[in-house]
Structure formats: structure tokens, C-alpha cells
Amino acid sequence: MSKGESKDIQSQDTEAEPCPCKEGMTPDAIDPVRRKFLFSAVAATTVGAMAPSVSVAANKKAVTPGAVEYDVADDPTKVMGRALHEDSGYGTRSQFETEIRTKADNPSDITSWTFTPLAATLGNLTPSGLHFERHHGGIPTIDPSRHELIVHGLVDTAKKFTLSELKSLPSITRKYFIECSGNTLGEWAKPTGKSVQITHGLLSTSEWTGVPFATLARHVGLKENAAWVLAEGADAAVMTRSIPIDKLMSDALIAYGQNGEALRPEQGYPLRLVLPGYEGNTQIKWLRRLQVSDRPFMTKEETSKYSDLMKDGRSKLFTLSMDAKSVITFPSGDMLLPKPGYYEIRGFAWTGRGRIHTVDISLNGGKAWVPAHIDSVPEPMSSVRFSFPWVWDGKPAILQSRCSDDTGYVQPSRAELLPLRGLNSVYHYNAIQSWAVASDGKVTNVHV
Ligand SMILES: Nc1nc2c(c(=O)[nH]1)N[C@H]1C(S)=C(S)[C@@H](COP(=O)(O)O)O[C@H]1N2
Ligand SMILES: [Mo]
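Residue 101 in numbering that gives the first Met the number 0 sits at position 102 of the sequence shown; the count goes up by one each step and never skips.
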């Protein structure tokens with residue numbers, strides 16, 4: 000580059016100057032675009048400084064149909080922003096962000112569930128307001144000052160812990176996914192879920208804070224023959240599940256925190272059992288009692304429900320850890336690719352048995368596989384994001400993802416899963432998901 004060129008570039012590069020209004024510079028010396036910008040900025044500052052409470056013209060627009068009307072400025076630099084005192088003191092997301100958890104097609108709101116919009120969340124954590132929900136007896140309202148956790152049974156000293164006693168014990172914070180073992184249950188026989196929210200949305204990841212069960216165990220003293228613990232919820236369902244003591248002692252959390260604040264009522268406020276990698280049903284919400292025993296209690300939820308009916312008519316009980324599973328969230332069912340070209344395939348992978356090791360992508364229904372990029376650091380019993388750069392040629396394609404975890408387990412295809420499990424099962428469907436992209440760009444759920 001010659002000296003002359005470099006000077007020219009410098010003189011054009013007015014953007015690099017911190018302030019265009021240098022001493023002696025007249026407005027005429029500034030190009031028209033910058034001049035307009037400069038004057039409007041000065042005007043706004045002057046108005047703001049002289050009359051901070053001046054009411055400014057703005058358009059009332061309701062972004063979500065039926066929602067409250069908000070001021071939407073055509074040029075946000077020309078009107079004062081919303082005043083702090085208009086806030087409730089607890090923030091909400093932008094009015095332009097409208098994704099919600101959808102309700103199940105279930106006549107009862109009391110024993111129902113809602114699905115996380117997996118295609119719309121960013122990063123690994125699920126916003127607390129979008130965490131999926133599964134309730135068997137509605138959402139109880141519990142006064143934390145009156146809530147207690149009783150630990151009894153095969154212990155040296157039975158104890159009641161108030162919430163403040165629990166909070167005064169040393170706590171830990173970890174990111175774990177929770178997946179309902181009924182996630183994807185509609186997919187056993189034929190493709191039923193239209194969108195990834197419905198097929199896979201009973202999966203969410205939060206950062207949980209609480210006291211390790213092992214700490215409580217030291218407080219009460221476990222008897223030598225302690226082998227199982229009954230966990231009981233304080234909801235109308237009085238949900239009960241038996242948990243192996245080894246699991247509780249290794250990584251279970253008595254959680255009161257979720258994503259930096261108290262648990263949401265829907266997630267078990269004020270206390271829930273978090274069992275990393277275990278099926279959602281065992282992670283008792285509104286936790287009020289832990290009874291130590293030498294055997295499982297064979298509750299309704301672990302015998303008639305949450306057991307896996309095999310091909311030969313026998314049932315597998317206590318299939319507690321969730322196997323590795325992955326799903327492409329973009330492009331996924333019910334979406335439309337506007338035209339051929341570049342797209343970034345994106346999705347989630349998770350395993351209840353450790354860390355995700357690899358994720359592969361197929362563009363042709365499983366005939367060939369290529370490695371995807373894992374976009375977040377795999378943590379135990381937490382979800383990871385993956386991506387894959389894809390140039391769609393406009394021809395029909397069948398997109399799949401397949402993951403493996405650090406135990407060596409590889410997510411099965413339907414052809415591998417069905418001979419093992421048959422078609423009697425409800426829970427623990429973790430086969431590879433296929434999304435068909437048609438030549439018109441429509442994406443649908445298919446089985447291959
Ligand atoms: N007390 C109680 N705990 C419960 C349930 C319940 O209905 N009552 N539902 C279980 C089921 S089936 C699942 S999948 C998870 C769902 O947790 P979430 O609603 O926080 O997503 O909670 C489990 N814990
Ligand atoms: Mo569940």
C-alpha cells in the first residue's frame with residue numbers, strides 16, 4: 000500500500016473517530032448521512048437533559064395478538080426508553096419473544112404435561128419459564144416456611160429438616176437434564192409427533208443448586224442394611240418412588256435452586272429430588288419425605304407405571320437411567336426451508352450414563368454418517384449442542400443424528416431398538432429420529 004492510498008483510507012474512515020464535531024468543524028463539513036445522525040443525537044440529548052419526563056411520540060403496537068400494547072419506537076434513538084419505575088423489579092423477556100411450552104392434547108389439566116420448544120431455546124440451559132412440566136396431581140402451592148423434609152427408616156436418628164436448615168448446609172450447583180421417560184412415546188409404532196417440541200420436548204436442562212443427599216445421610220446415620228429409599232412428594236398425587244441408596248449417595252441433590260433462583264412451583268418449589276440421568280418420574284417434586292429401607296417399596300409408579308413391558312409379556316422394573324439420545328432441532332418437523340442453499344443443522348444430545356462422546360449426522364436416512372461438531376463442553380448427565388454445516392441441493396433428504404456416550408453405548412436405529420424392545424413399551428424410546436426434507440422444503444417426521 001502506498002502512502003497516498005493509506006491517507007485516502009484514513010480520511011474516509013470517519014467512523015473511527017470518537018466524535019465528529021471537532022473544534023472548528025462546521026456541520027457542512029460532515030456528509031449528509033452523518034449530519035442527520037449527529038443532529039438527531041444532539042436533539043435527543045438536549046430534550047433528555049432539560050425535561051427528562053417529557054412524553055415522546057411512539058407507536059402503540061401489540062406484538063402478540065391479544066397482548067398488552069407496548070410503545071414501539073420506529074427509531075429507538077429518538078424517544079426516551081422505558082423508565083425503570085415501570086418495571087415490577089423482576090424482569091421478563093422481550094415482548095417480541097413469544098415461544099411458549101405447548102400443552103399436551105390431554106383432557107385433564109391436572110394430570111398433564113407441557114413440552115419445551117427445543118427448536119427455539121438457545122444454548123444448553125432451558126429458561127425456567129420454558130422447562131417442560133409433568134404433573135400427576137396439579138401444582139401444589141407450598142409455604143416454604145412451613146415445609147419440612149423428614150428423613151427416617153433405617154437410620155440412627157430420624158430427622159426433620161426445615162428449608163432454612165437445609166439451606167444452611169454446604170450446597171453444590173450442577174447442570175443436569177431431566178427427561179421424562181415418556182418422552183417420544185408416540186413414536187413406537189408410527190411417526191406421530193409433527194414437531195420436535197412434541198416428539199422430544201419432555202427434555203429440559205437446568206442448573207440445580209442444593210444439598211447432596213450424602214450430607215443428609217451423615218446427619219441421620221444410615222444403618223448397615225440401608226439399600227433403598229422411598230422419596231415422597233407433597234402434591235395431591237403423593238408421588239412415591241424407590242431409589243437405590245448407591246445412586247442417592249453418589250450424586251443425588253436435594254435441590255432448592257434452579258437457574259440462579261428458587262425452584263419454580265412447576266419444578267417442585269420449594270424442594271425437589273434431582274437424580275442426574277435418571278428418568279424424570281423418579282425426581283420427586285415438592286419433596287417431603289425420604290424413608291430408608293432394605294428393599295424397594297414397589298409403589299404404583301414403579302410397578303404398573305414406569306415399567307417396560309417386553310415382547311414376551313414380562314416387564315422390566317427399575318429401568319432408571321436414561322440411555323443416550325439425540326435429535327435434530329433444526330431443520331425439524333413442521334418447518335419449511337425457503338430455498339436450497341446453506342443451512343446449519345442443529346440439535347441436542349444427552350445421556351443419563353455420563354458424558355456425550357460423539358454425534359454423527361446422516362443426510363440420507365442412515366446410509367452414510369459424518370461427524371457433527373459438538374458446540375458445548377460435554378458434562379456428565381447434561382445435554383450438549385451439536386451442529387453441522389449443510390448445503391441443501393434442493394433434492395429430498397432424510398436428516399438424522401446419532402450419538403454415543405463415554406460408556407461406548409451408541410444410540411440405536413429403530414431397526415436395532417424394535418427387535419430388542421418390541422412394540423408393547425411406552426417408556427424409554429431413544430431411537431434415532433428422522434426428519435424428511437421434501438423438494439419443496441417441507442420437513443416432516445418419518446420412520447425409515
Ligand atoms: N411429586 C411429584 N413429583 C414428580 C411428578 C409429580 O407429578 N409429582 N412428576 C414426575 C414426572 S413423571 C416427571 S417427568 C418429572 C417432571 O419434572 P418437571 O415437571 O420439573 O419437568 O417430575 C416427576 N416428579
Ligand atoms: Mo415423566
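Glycine included, C-beta positions come from ideal geometry on N, C-alpha and C. Just so you know, these numbers come straight off a predicted model, no measurement behind them.
Taking 7 Å as the line, does the beta carbon of S180 fall inside it for any heavy atom of ligand 2? Taking the first residue of the sequence shown as position 1, residue 180 is located at position 181. Yes, the Cβ of S180 comes within 7 Å of a heavy atom of ligand 2.
Let me know the secondary structure DSSP gives Q196 once reduced to three states. As a position in the sequence shown, residue 196 is number 197, starting the count at 1. The answer is helix: DSSP assigns Q196 an H, G or I state.
Give the single residue among G90, L419 and F176 whose Cα lies nearest to the Cα of Q282. Counted from its first residue, the sequence shown places residue 282 at position 283. Taking only the C-alpha atoms, the option nearest Q282 is F176.
Per DSSP, which one or two residues make a beta bridge with V228? As a working mapping, residue 228 is identified with position 229 in the sequence shown. According to DSSP, which records beta bridges pairwise, V228 is partnered with I242 and V291.
So, is F95 buried or exposed, given that buried needs 16 or more other C-beta atoms within 10 angstroms? Sequence index remark: in the sequence shown, residue 95 carries index 96 (1-based). Exposed, since its Cβ has fewer than 16 Cβ neighbours within 10 Å.
By how many angstroms is the C-alpha of S424 removed from the C-alpha of V383? Here residue 383 corresponds to residue number 384 of the sequence shown, with the count starting at 1. Here residue 424 corresponds to residue number 425 of the sequence shown, with the count starting at 1. When rounded, the distance between both Cα atoms is 27 Å.
Straight-line gap, K193 to D311 (C-alpha atoms, nearest Å): Your numbering for residue 193 matches position 194 in the sequence shown. Your numbering for residue 311 matches position 312 in the sequence shown. Whole-angstrom Cα-Cα distance: 31 Å.
By Cβ distance below 7 Å, which residues in the same chain neighbour H135 in space, the five residues on each side in sequence not counted? For the purposes of this step, residue 135 is taken as the residue at position 136 of the sequence shown. Here the set comprises T110, A236 and M238.
What three-state label does DSSP hand H372 in the structure shown? Start at 1 with the first residue of the sequence shown, and residue 372 comes out as number 373. Here H372 sits in strand by DSSP.
Please go through the same chain and pick out, in chain order, the residues whose beta-carbon is closer than 7 Å to the beta-carbon of P269, but skip the five residues on each side of it. As a working mapping, residue 269 is identified with position 270 in the sequence shown. If we look at P269 and ignore the five residues flanking it on each side, its Cβ neighbours are I141, P143, H146, L162, Y255, A261 and L262.
Element boundaries [beta strand (DSSP E), containing H447]: Position 448 of the sequence shown, counted from the start, is the residue given in the question as residue 447. It is Val, not His, that sits at residue 447 in the sequence shown. Looking at the DSSP string, V447 is not in any beta strand (DSSP E), and its letter there is neither H nor E.
DSSP three-state assignment for V469, whether helix, strand or coil: Residue 469 falls outside the range modelled here, since the chain spans only 0 to 447, and no answer is possible.
How about N224: is its Cβ closer than 7 Å to a heavy atom in ligand 4? Looking for ligand 4 in the displayed structure turns up nothing; the ligands present are ligand 1 and ligand 2.
Segments assigned beta strand (DSSP E), at least 3 residues, entirely inside the segment 260–333: 271–273, 286–292 and 324–329
Using the rule of at least 16 other Cβ atoms within 10 Å of the residue's Cβ for burial, across every protein chain shown, is M321 buried or exposed? Sequence index remark: in the sequence shown, residue 321 carries index 322 (1-based). Buried, by the Cβ-count rule.
Can you round the beta-carbon distance between T120 and F131 to whole angstroms, since I take them to be within the 8 Å contact cut? Here residue 120 refers to the residue found at position 121 when the sequence shown is read from its first residue. Here residue 131 refers to the residue found at position 132 when the sequence shown is read from its first residue. So it is not a contact: roughly 11 Å between Cβ atoms.
Considering only heavy atoms of ligand 2, does any lie closer than 7 Å to the CB of G90? By one-based count along the sequence shown, residue 90 stands at place 91. No, ligand 2 has no heavy atom inside 7 Å of this Cβ.
Who are the near neighbours of W389 in its chain, counting only those whose CB is closer than 6 Å to its CB and skipping five residues on each side? On the sequence shown, residue 389 is found 390 positions in, with the first residue counted as 1. Excluding positions up to five away in sequence, the list reads Y342 and I344.
Quick check: the Cα distance between G137 and G393, rounded to an integer number of angstroms? For the purposes of this step, residue 137 is taken as residue 138 along the sequence shown, with counting starting at 1. For the purposes of this step, residue 393 is taken as residue 394 along the sequence shown, with counting starting at 1. If I take the Cα positions, the gap works out to 47 Å.
Whole-angstrom C-beta distance between V228 and S292, which should lie under 8 Å: Walking along the sequence shown from the start, residue 292 turns up at place 293. Walking along the sequence shown from the start, residue 228 turns up at place 229. Rounded, the Cβ-Cβ distance is 7 Å, consistent with contact.
Pull the bridge partners of L124 from the DSSP assignment, please. Residue mapping note: residue 124 aligns to position 125 of the sequence shown, counting from 1. Paired residue(s): none; L124 is not in a bridge.
Please name the residue, chosen from S386, A367 and G365, that lies closest to D374 on a Cα-to-Cα basis. As a first step, residue 374 must be located in the sequence shown, where it is residue number 375. Closest option to D374, Cα to Cα, is S386.
Closest to S170 by C-alpha separation, out of I355, L215, L129 and D155, would be which residue? As a position in the sequence shown, residue 170 is number 171, starting the count at 1. Residue L215 is the option with its Cα nearest to S170.
Buried/exposed call for H372, threshold 16 Cβ in 10 Å: Taking the sequence shown and counting its residues from 1, one reaches residue 372 at position 373. Exposed: under 16 other Cβ atoms inside 10 Å.
Just to confirm, does E206 get its C-beta within under 7 Å of one of the non-hydrogen atoms of ligand 1? Within the sequence shown, residue 206 is the residue found at index 207, counting from 1. E206: no, Cβ never under 7 Å from ligand 1.
Look up S386 in the DSSP assignment and give the residues it is bridged to. Reading the sequence shown from its first residue, position 387 is the one you call residue 386. Paired residue(s): R345 and H372.
Rounded C-alpha distance that separates R133 from I197: On the sequence shown, position 134 is the one that residue 133 refers to. On the sequence shown, position 198 is the one that residue 197 refers to. Between R133 and I197, the C-alpha separation is close to 14 Å.
Going by C-alpha to C-alpha distance, which of T183, D245 and T97 sits closest to P211? For the purposes of this step, residue 211 is identified with residue 212 of the sequence shown, where counting begins at 1. Nearest option by C-alpha distance: D245.
Proximity to A379 [Cα-Cα], best of N123, A396 and R352: Your numbering for residue 379 matches position 380 in the sequence shown. Per the sequence shown, the amino acid found at residue 379 is Pro instead of Ala. The option with the nearest alpha carbon to P379 is R352.
Among A251, R413, K299 and G346, whose alpha-carbon lies nearest the alpha-carbon of I327? Position 328 of the sequence shown holds residue 327. Comparing Cα-Cα distances from I327 to each of A251, R413, K299 and G346, the minimum goes to G346.
Rounded to whole angstroms, what's the CA-CA distance from A230 to V78? Just pull it up for me. As a first step, residue 230 must be located in the sequence shown, where it is residue number 231. As a first step, residue 78 must be located in the sequence shown, where it is residue number 79. Cα to Cα, A230 sits roughly 55 Å from V78.
Simplified DSSP state of S163, which is helix, strand or coil: Here residue 163 corresponds to residue number 164 of the sequence shown, with the count starting at 1. Here S163 sits in helix by DSSP.
Would the segment 435–442 count as touching the segment 329–341 if we require 3 or more Cβ pairs under 8 Å? yes
Helix, strand or coil for V210? Go by DSSP, reduced to three states. Residue mapping note: residue 210 aligns to position 211 of the sequence shown, counting from 1. Strand, per DSSP.
Where V219 sits in the DSSP three-state scheme: The count along the sequence shown starts at 1 and reaches residue 219 at position 220. V219 falls in the helix class under three-state DSSP.
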